[in-house]
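Notes follow once the structure below has been shown.
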Ligand code: GUN
């Protein structure tokens, strides 16, 4: 039987509708709307396209959305002063600096400069530290890992007691996701595979859940998948361009890190690319921005 496709678009639409309703209620009661600033440095087409999706989603929810586009050669000092400006702006509850940044800018300095209360990406060490410790005063969860958990829960995947393998140890996905999955509330047994792993096959073959976030297509061989396993594909590899039927403009052709056609014949559940993890990441960013306003209004612990 072919794998059940976990439809990230459908699941994210449902969550976005909930966020929109909550935003409307808060606006009625407190006359405040969530505010998000997106800061894009340079013109990397992939980054520009992600940011424009984030802006579009924020607008569709009626959030305040501020776009800052900075030249490729902007100095680190100038970028830090823009962040400072929005740290001090009471109408802004989320500050997102799209990564990666040009090489002359120190990413760590930029992440550290964001007020942790407005760090809706959950990249600041204070926020990520709380996630790692599994503390109950976590403000935000990182968007892609949080989206993956929502997808699995919506699809009814059994996480408790599952053997989960994560391929990729990035700060954005692999590391936080591993920590979130081993929390008592999720209770998975997690193995993180990376470029130094000697025998990926042996780990994958045992896994009930495989999350592939390697940034490299076909890193997971179909013959390594245990029949019935849940495969979550975080990859977004741009493999070409096509003309959009909707807009008539060129758009990127995206492929995941998994051979979807082949893997679907063995897996029990699988996420597509596009339409799987991607929309959930953006949805979780909106949720974090709403939460940030709710914390400020004292509506959350
Ligand atoms: N670059 C790739 N993914 C992300 C993300 O989730 N947030 C930001 N800020 N940059 C990214």
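Residue numbers (the working numbering): 9 to 309. The C-beta atom is built at its ideal place from N, Cα and C for all residues, glycine as well.
What are the start and end residues of the beta strand (DSSP E) that includes residue 72?
72-78
Cβ shell of residue 132 (< 8 angstroms), same chain only, five flanking positions each side left out
119, 120, 122, 124
Tell me where the beta strand (DSSP E) around residue 197 begins and ends.
197-201
Simplified DSSP assignment, three categories, for residue 105:
strand
Using a threshold of 9 angstroms, state whether the C-beta atoms of residue 292 and residue 152 are closer than that.
yes
Residue 149: CB within 8 angstroms of a non-hydrogen atom of the ligand GUN
no
Residue 238: first and last residue of the uninterrupted beta strand (DSSP E) it sits in
238-241
Residue 260 - partner residues in DSSP beta bridges
249
Could you check how far apart the C-beta atoms of residue 260 and residue 57 are, in whole angstroms? I think they sit under 8 angstroms.
7 angstroms
Residue nearest to residue 269 in terms of C-alpha spacing, selected from 302, 169, 228:
228
Measuring alpha carbon to alpha carbon, tell me which residue in 302, 232, 105, 284 is nearest residue 273.
232
For residue 72, tell me which candidate among 146, 89, 192, 46 has the shortest Cα-Cα distance.
46
Opposing strand residues paired with residue 38 [DSSP bridges]
Answer is none; residue 38 lacks a bridge partner.
Compare the beta carbon distance of residue 305 and residue 94 with 9 angstroms and say whether it is the shorter of the two.
no
Candidates 148, 53, 115, 19: which alpha carbon is nearest residue 299's?
148
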